[in-house]
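Residue numbers (this note's numbering): 139 to 509. What follows is a set of notes on a single structure, which appears directly below.
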Ligand code: GN1
Ligand code: MG
């Protein structure tokens, strides 16, 4: 596939240079396309993983609705620099469509946010800023009409479904790895009942559904290169209806880990309580318009849930012979699974600490919860 041919389908400004790979996503392939003339923006070119995103029309439709809603909210409150605070996707030449199909592959382009950077780990201060920004993201999307967005990946954060996938992978044992992982599989299955609690509440209409990002890894946020100010949330592929716990939990799963998501040295992996406290504080500061007491109280559980879910997903992929996530070496999904299970253990050890932090924040902002 000639990347230049793909780029030439999009209605961009300026003369594009050769696309260069950037980022470290586990699903899509991402490139930066610089333009040669100063004054024109640079662009991000992305090959959408069609095995993961089966309905690219729905995917791009969701993203366009989300970005235009955010742009509208930002402009209503007089925000400056909106072009750096919300992603903008580029239509094809002579069309409104924002993706093209080329030789069975799907591609899209967006404007590269200038003078921005992302992090793999954050300081306590940046954690606070990010918590506030994510709360703001939820708040901005909280008035989108019900039913506006579809599920870009059906059952994405559906714990019961993820466990059924693990169960099928265990039964299939396609890679012959089940015997080696027996202890981890049993440990996971033993926690399944508790981990599906919120899902049962949702089904009974006893837990609110919001619009959520569903991939709030720390490296999905952009900050200003010079001032470190929060700019915007990227990777909007999985923005869909869900529970706020997903987003709160996924950030702590990644940024709150003293080690890496795939750390081979498990001694590195544990919860950094300071990152948790700062993120929670920021999140509470910007979610007053909608967050309920019940959602607040479940936030520590959300951190365990997301870490557990990610362990289930990595383990499922490992047992299935590494068919979903990109891997860098044969045992990568094994290392990822073990690191997530270690992180889960640390979160469990900190349940009381996390609950008392949330209790403190709830008391501090009580009036808004009494509405
Ligand atoms: C994938 O591609 P990336 O890194 O944005 C995955 C997330 C996982 C994450 C684990 C569509 O995200 O759900 O949490 O890897 N995205 C999809 O690092 O499956
Ligand atoms: Mg993603």
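A virtual CB, placed ideally from N, CA and C, is assigned to each residue, including glycine. Quick caveat: nothing in here was measured; it's all calculated off a predicted structure.
When DSSP builds the beta bridges, which residues end up paired with residue i?
i	result
residue 168	184
residue 362	254
residue 378	350
residue 395	409
residue 148	230
residue 472	None; residue 472 has no bridge partner.
residue 247	183
residue 238	245
residue 370	360
residue 158	170
Drop a sphere of 10 angstroms on the beta-carbon of residue i, count the other beta-carbons inside from all chains shown, and report buried for 16 or more, exposed for fewer.
i	result
residue 309	exposed
residue 450	buried
residue 384	buried
residue 448	buried
residue 263	exposed
residue 395	buried
residue 321	exposed
residue 253	exposed
residue 338	exposed
residue 473	buried
residue 314	exposed
residue 204	buried
residue 420	buried
residue 265	buried
residue 440	buried
How many angstroms separate the CA atom of residue i from the CA atom of residue j?
i	j	result
residue 407	residue 445	12 Å
residue 374	residue 351	7 Å
residue 300	residue 229	35 Å
residue 399	residue 409	12 Å
residue 495	residue 173	48 Å
residue 186	residue 244	5 Å
residue 325	residue 214	50 Å
residue 216	residue 150	27 Å
residue 427	residue 250	31 Å
residue 248	residue 365	23 Å
residue 180	residue 157	10 Å
residue 235	residue 492	45 Å
residue 304	residue 469	18 Å
residue 344	residue 227	37 Å
residue 457	residue 465	14 Å
residue 246	residue 177	22 Å
residue 192	residue 429	32 Å
residue 437	residue 296	17 Å
residue 183	residue 357	18 Å
residue 404	residue 208	39 Å
residue 477	residue 175	45 Å
residue 223	residue 160	20 Å
With the cut-off set at 9 Å, would you say residue i and residue j are in Cβ contact?
i	j	result
residue 259	residue 368	no
residue 415	residue 382	no
residue 196	residue 169	no
residue 359	residue 268	yes
residue 499	residue 418	yes
residue 422	residue 490	no
residue 354	residue 290	no
residue 443	residue 307	no
residue 275	residue 380	no
residue 475	residue 319	yes
residue 256	residue 413	no
residue 479	residue 390	no
Comparing the CB of residue i with every heavy atom of the ligand GN1, is any distance shorter than 8 Å?
i	result
residue 402	no
residue 443	no
residue 164	yes
residue 399	yes
residue 190	yes
residue 291	yes
residue 355	yes
residue 376	yes
residue 358	yes
residue 448	yes
residue 299	no
residue 460	no
residue 296	no
residue 463	yes
residue 473	no
residue 246	no
residue 373	yes
residue 226	no
residue 388	yes
residue 211	no
residue 451	yes
residue 352	yes
Given 8 Å as the limit, tell me if residue i has its C-beta closer than that to any heavy atom belonging to the ligand HEM.
i	result
residue 370	Looking for the ligand HEM in the displayed structure turns up nothing; the ligands present are the ligand GN1 and the ligand MG.
Should residue i be flagged as near chain B, meaning a C-beta pair shorter than 9 Å?
i	result
residue 393	The structure shown contains no chain B; it holds only a single protein chain.
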